[in-house]
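Right, one structure below, let's go through it.
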Amino acid sequence: MEEIEKLEKAIAALEAQRSIIGEESAEMALAPLREKLAALRSMVHGEQRRQVTVLFADLAGFTALSETTDPEDVREILKEYFARWAEAIEEYHGVVEKYIGDAVMAVFGLAAGREQDPENAIRSALTMRESLVGLNLELKKRYPVQLRMRVGIHTGPVVASTLEDRKGQSFVAVGDTVNLASRLQSSAPVDGILISQDTYRLVRGMFDVQALEPLKVKGKTGKIQAFLVSAEKPKAFRMITRGVEGVETRMIGRETEFQRLKETFAEVLEDKEWRVVALLGEAGIGKSRLLYEFDKWLEAQPDQLAFFKGRAYPVNQEAPYALFRSLFAFRFQIQDSDPPRSVRDKIEAGIHADLPDDETAQMKAHFTGRLLGFELGESPYLRERGGDARQFQEQALHFLGSYFQGLAQQQPVVVLLEDIHWADNSSLELIDRLESYVADRSLLLICTARPALMERRPDWGEGLSYHTRVEVQPLSRLKTLHLLNEILQKVEKVPADLSELVVENAAGNPFYVEELVKMLIEDGAIVMGEEHWRVEKDRWNLGRVPPTLVGVLQTRFDSLHHRERDVLQRGAVIGRVFWDQAIAFMEKPEQEKIAEDDGTVPDLLENLRNREMIFQREKSTFDNSHEYMFKHALLRDVTYDSLLKRRRQRYHGHAARWLVQETDRIQRSEEYAASIAEHYAKAGEDEQAAAWYERSGKQAAARFANREAVWAYSQALELAPGAERRTRYGYLLARQKVYDLLGDREAQSRDLATLIELVEELQDVALEAEVTLEQARYDYLTSDYPAAIAGAEKAIRLAQISGDVEKEVAGYLLSSSILMRQGELVVSRENAETALVIARQNELHTIEAETLRHLGLVAYYTGNPKEALHFFEQALEGYTKTGDRKGQCMALNNLGGATFDLGDYTGAETYYMHSSLLSREIGDRVGECRASNNLGIINVVQGNYTQAEKHYRQALKISRELGHRSFEVSALDNLGNLEQYRYNYEISIRYHEESLRAARQIDDRITESITLTNLGRGFLCLGMFAKAHQYMTGALELYRQHNDRQGICHVLTNLVKYDLEKGDLEAALEHSRECLALAGETGARSDLAEAYYCIGRSLAAYRRFQEAIDAYRQSLEIRRELEESQEAVASLAGLAEAYTETGDLEQAQVSAGEILEQIEMHGSQGFDAPAYIFLACYRALQASNDLRAEKTIEAGYRLLEESAAKIEAEEVRQSFLENVPANRELRRVKRGDSGM
């Protein structure tokens, strides 16, 4: 601390003398003092984590040298060798960390980082390699040796710490970065400089390199990519590239700034006045891209321009006029390697070409060249002036100003300067001095700079009319997204969550976007192809900061006062958002308190805010604190990574306790449970962390944030492996319930197995009842009904022993569900009623609602939709009162089913949609699957077959992912029905057969009976009557066992058609009347319409056409009320046939016309017996000599042939065409019409 104070006093004394000794002299004297002060301040905490570049060098063949050379001579040789290395390292701001035998280890960026540390390390090695040539020449005079070396360089994180024997004055670096640099050195060829890929990324385009085959090095599992450096590129040939290789992008989000540059250029031409525009913004914000686009735009302009480009470099910051030197090097194509005579010739020629009428051009060239630091050789003009430096400087500056004056008199001049925050002070002052020469000339000077320029020279350009500052702001989120999509233009569809990750981390900085994308490419998360790129989601990892950005951000962090860094680090521990009171609370232990004389916490935060490291938010979450936010998420990450782990742990513990204290005070602890848990976990306080993760999981589950809930419970379990068994039981039970909701059966099964083991160890009957019930539910959902019923009965017994009424009721309820699936509807209802009585006696309102829903299901499956509707409405009311959203989903779905059966399809669709949306909202995939199946049915009724198929396939996909066999059976059955309506009979039967097999495997009697009915109808359509009758009678038997009146009704309507096809008119009429009676009892309007239609068909077969007409009319009326458009066509066909037979040709023609209109509007798919419909329509039209008759029979025949063509098996196709009477008749009529 004493040395820091001495340096601070020395700097203050020099600052006070600035006006006496001059700006340039003051800056030259202050620069090394500031650098040393920054280095010492960074060491205050003794240890830190940071990104550095490590250089390892070793002499090749040193062992042999030692064996053949006198030890004293070896010592002298090494002394001179090390001295050369020390000089080369220090020249480029490195630190010699140690000498080991003949090896040298140097670190660049150890005390205070620079963005140029990687390139400085390489320059140091190149300098030493060149120096080694001279050293060998000198040594050769005294010793018979030839020194050769190998160098390895790597950039990465280290822990930098002080050693006792160095008394806190310098650092040592420890970490894998050091090891890898050493391994690279060992792998380097003799006199070779080998750099890692991480270093190469940071210097790409600046050196001539050769990529080597990946190396296998000790200590690394995989191979590493390395590059051999041969030389530094001349400045004129450097390609310091940004962007992503292989992608050309448009400039995005800078339209306003670009337009301002163009307008300023126009003003310069028009007004003949010079302008200086300073583009100010943080690193990577897009300043260089603006200059690049402006440069391209200028090239396309018709005006003749004198053009200059220059760039400031940190290495030249103390070199006078270095920035202007780069301008003239560009203008006159001067290379670093040019000899003095060539440099002089180029400057003379250039200035003479620019000022052809100026007789003093040659003199100006010599003075200007020498001022700018060019080596010109002998000059008569300079020799004549003698050694008066002040006079020379004034004369040279005048010549330089008059050069620009004369040039701008002839043509407009544009000067582009980059990175002038690194410019030397002489050049910055020269820019201001130019005003006296070019104020009334057309000269535009545009420069780019980071905010550091304003910190160095806060008044630069202020108040000057010709000077404009343009703040280049971060891109908006939308513009950042546009930029990302532009970069990833070869990706067919960029995943939304990847976009969100990149946009969030980039915080509007285009360079950050590019570097994050590059990192994803290097990590294999984005795979580049020639034409198309793809995204590998499982390889995303934005949990680290690209090394290219670490250097930029670490440099900014290192530039802070050590107390500001300390405050920023504490904030980083809390998160991207933090609070001043939390930082104050973290001022423990005492020795880490932020000293008042260095500023209070509010003062330090204000300093950081002024430097745009953080923002203060307008409103704070906590009323007694100010809330702040890091400007960049990546800055927060770099700051956080600079902390040693043990300090992080301590700070995280303080952060957790402060959050507990504050959230308790405002009663919002649950909301912050996840944050508190994370802080405790990172503090190493596992027990506290587990407890808070459990609270976080409970809160997430209550919001149906299921993935977050699983993660929180998993964290709790991971942090508490040795916790008390009941505690672990609670965590596991909660997690398996969330797995249940997600439908992750494999994970749920694992948790249940662990729970069963825990219960056996605990010997607790109540817990055993609970786990047994959960296992039984699992068995039910995976359609293992025998195991499920046994489990439910066991759970009831255990609950009765332990006196747990709630579990007892739940057991009865579960057994009711299982029995209902098995078709034991009477016993199912008894169990549900028992559950209802117990629930009401004990005021178990949630279970009461569930029981009411089950009673509704029993009523529904016994063919009583009206009674079912009543129960479902009560259940929904109960679920709503108790806030059971999953229960609401199921009740809404059930209400849709009952409403559908009662003929209110619009109402049914509304219920299903609400159920589906709510299921997705709470993450209930089972509910989503259920609703998808039912929405498919609605779409079938409405004739929307394509949409129906999407719903069915979604239901099938989800059911298979969940392992929910019962829903899988339903989805397969529904797909089979859909293909029937499309007349794809063979495909339909395959679906139904698969559904039937699955239903029988899981003993799902309800779905089995439905599938048997549908299979029967399919075989009936194919004319395979024996099989059709077999399946129909099987279904009827099951339905009668279940007392499912609706099911019986459905089978009977199909049997009527079978009877008619077989010519058994008596059976057809009997089955029709039974169906009509049942439909009247159940109140199912659709079934009633179908029953009347069957009555009509049966009576027409008896040629009792007038009675048939009455039945058809009743059927048609109901179907029109229900908007069953395709089913209504069948009723119209019956009427057309009956009217034709009774001679009422006018009504027959009207009915046929309505059929044709319906087909025109909705197509001809979905008819139960299409050939019968087309025949009835044709005959009605033909009887009235209606010209539409021929087109009708053509359409019917075409549809029949298309349907037959879809049948692959020849026997089945012939059965379809010949065995079905209507099909056979239609073909006969068509042949007769065509003369066949």
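Residue numbers (this note's numbering): 19 to 1254. For glycine and all other residues, C-beta sits at the position ideal for the given N, C-alpha and C.
So residue i packs on residue j, CB below 8 Å; how close in whole Å?
{"i": "Thr-386", "j": "Phe-417", "result": "6 Å"}
{"i": "Val-70", "j": "Phe-126", "result": "6 Å"}
{"i": "Arg-272", "j": "Gly-304", "result": "6 Å"}
{"i": "Asn-992", "j": "His-1010", "result": "Actually they are not in contact, since the Cβ atoms of Asn-992 and His-1010 sit about 10 Å apart, beyond 8 Å."}
{"i": "Phe-74", "j": "Ala-199", "result": "5 Å"}
{"i": "Ala-1189", "j": "Leu-1218", "result": "6 Å"}
{"i": "Val-163", "j": "Leu-83", "result": "6 Å"}
{"i": "Gln-717", "j": "Glu-688", "result": "5 Å"}
{"i": "Leu-1106", "j": "Asn-1072", "result": "Contact flag wrong, Cβ pair sits at about 16 Å."}
{"i": "Ala-752", "j": "Gly-715", "result": "6 Å"}
Could you check what DSSP says for residue i in three-state terms: helix, strand or coil?
{"i": "His-172", "result": "strand"}
{"i": "Thr-466", "result": "strand"}
{"i": "Gln-634", "result": "strand"}
{"i": "Ala-324", "result": "strand"}
{"i": "Val-235", "result": "coil"}
{"i": "Ser-950", "result": "helix"}
{"i": "Met-1042", "result": "coil"}
{"i": "Gln-134", "result": "coil"}
{"i": "Met-908", "result": "helix"}
{"i": "His-485", "result": "strand"}
{"i": "Asp-1082", "result": "coil"}
{"i": "Arg-1122", "result": "coil"}
{"i": "Ala-318", "result": "coil"}
{"i": "Lys-305", "result": "helix"}
{"i": "Arg-1249", "result": "helix"}
{"i": "Ser-548", "result": "The sequence given here has Glu at residue 548, not Ser. Three-state DSSP puts Glu-548 in coil, outside helix and strand."}
{"i": "Asp-682", "result": "helix"}
{"i": "Ile-1225", "result": "coil"}
{"i": "Met-167", "result": "strand"}
{"i": "Gln-66", "result": "strand"}
Label residue i either buried or exposed according to how many other C-beta atoms from any shown protein chain fall within 10 Å of its C-beta, with 16 as the threshold for buried.
{"i": "Trp-292", "result": "buried"}
{"i": "Met-123", "result": "buried"}
{"i": "Ile-612", "result": "Below a pLDDT of 50, predicted positions are generally treated as unreliable, and Ile-612, at 46, falls in that range; the measurement from the model is reported next regardless. Buried, by the Cβ-count rule."}
{"i": "Asp-120", "result": "buried"}
{"i": "Met-1179", "result": "exposed"}
{"i": "Ser-483", "result": "exposed"}
{"i": "Tyr-1120", "result": "exposed"}
{"i": "Gly-547", "result": "exposed"}
{"i": "Gly-391", "result": "exposed"}
message: Taking contact to mean 3 or more Cβ pairs, one atom from each stretch, closer than 8 Å, check whether the stretch 233 to 244 and the stretch 213 to 221 are in contact.
response: Because the criterion of three Cβ pairs below 8 Å is met, the stretch 233 to 244 and the stretch 213 to 221 touch.
message: As an exercise, report each continuous beta strand (DSSP E) stretch of at least 3 residues that is fully enclosed by the stretch 555 to 606, in chain order.
response: 595 to 597, all fully within the stretch 555 to 606.
message: Check whether the stretch 321 to 333 and the stretch 433 to 444 are in contact - that is, three or more C-beta pairs closer than 8 Å.
response: Yes, they touch.
- request: Report yes or no: do three or more beta-carbon pairs, one from the stretch 933 to 941 and one from the stretch 903 to 913, lie closer than 8 Å?
  value: Segments in contact, yes.
- prompt: Below 8 Å, can you find three or more Cβ-Cβ pairs linking the stretch 334 to 344 to the stretch 316 to 323?
  reply: Counting Cβ pairs under 8 Å, fewer than three are found: no touch.
message: For the structure I just gave you, are there three or more beta carbon pairs, one from the stretch 276 to 287 and one from the stretch 302 to 312, closer than 8 Å?
response: Contact between the stretch 276 to 287 and the stretch 302 to 312 is present: three or more C-beta pairs spanning the two stretches fall below 8 Å.
message: Check whether the stretch 1165 to 1174 and the stretch 1192 to 1212 touch, using three or more Cβ-Cβ pairs below 8 Å as the test.
response: Yes, since at least three Cβ pairs between the stretch 1165 to 1174 and the stretch 1192 to 1212 fall closer than 8 Å, the two stretches touch.
message: Taking 8 Å as the cut-off, does the stretch 1016 to 1028 touch the stretch 801 to 813 (at least 3 CB pairs, one atom from each stretch)?
response: Judged by pairs of C-beta atoms under 8 Å, the stretch 801 to 813 touches the stretch 1016 to 1028, as three or more such pairs exist.
field: Ranges of the alpha helix (DSSP H) found wholly within the stretch 834 to 881, counting only runs of at least 4
entry: Segments of the alpha helix (DSSP H) lying fully in the stretch 834 to 881: 843 to 859 and 863 to 879.
- request: Say whether the stretch 836 to 851 touches the stretch 1055 to 1062, bearing in mind that this needs 3 or more beta-carbon pairs closer than 8 Å, one atom from each stretch.
  value: They touch, by the three-pair rule.
query: Touch check for the stretch 805 to 823 and the stretch 758 to 774: three-plus C-beta pairs under 8 Å?
result: Fewer than three beta-carbon pairs drawn from the stretch 805 to 823 and the stretch 758 to 774 are found closer than 8 Å, and the two stretches are therefore not classed as touching.
task: Would you list, in sequence order, the uninterrupted beta strand (DSSP E) runs of no fewer than 3 residues that lie entirely inside the stretch 489 to 532?
output: Counting only runs of 3 or more, we get nothing.
- request: Say whether the stretch 93 to 109 touches the stretch 135 to 154, bearing in mind that this needs 3 or more beta-carbon pairs closer than 8 Å, one atom from each stretch.
  value: With a cut-off of 8 Å on Cβ pairs, the stretch 93 to 109 is in contact with the stretch 135 to 154, counting three or more such pairs.
- prompt: Okay, do the stretch 1073 to 1088 and the stretch 1109 to 1123 touch, 3+ Cβ pairs below 8 Å being the bar?
  reply: With the cut-off at 8 Å, the stretch 1073 to 1088 and the stretch 1109 to 1123 touch.
task: State whether the stretch 860 to 873 contacts the stretch 889 to 901, with contact taken as three or more CB pairs (one from each stretch) at a distance under 8 Å.
output: Judged by pairs of C-beta atoms under 8 Å, the stretch 860 to 873 touches the stretch 889 to 901, as three or more such pairs exist.
task: Report the residue ranges of all alpha helix (DSSP H) runs contained in full by the stretch 328 to 383; include only those spanning at least 4 residues, in chain order.
output: At a cut-off of 4 residues, the continuous stretches assigned as alpha helix (DSSP H) that sit fully inside the stretch 328 to 383 are 340 to 349 and 358 to 372.
field: Contact the stretch 575 to 584 vs the stretch 620 to 637: 3+ CB pairs below 8 Å
entry: With the cut-off at 8 Å, the stretch 575 to 584 and the stretch 620 to 637 touch.
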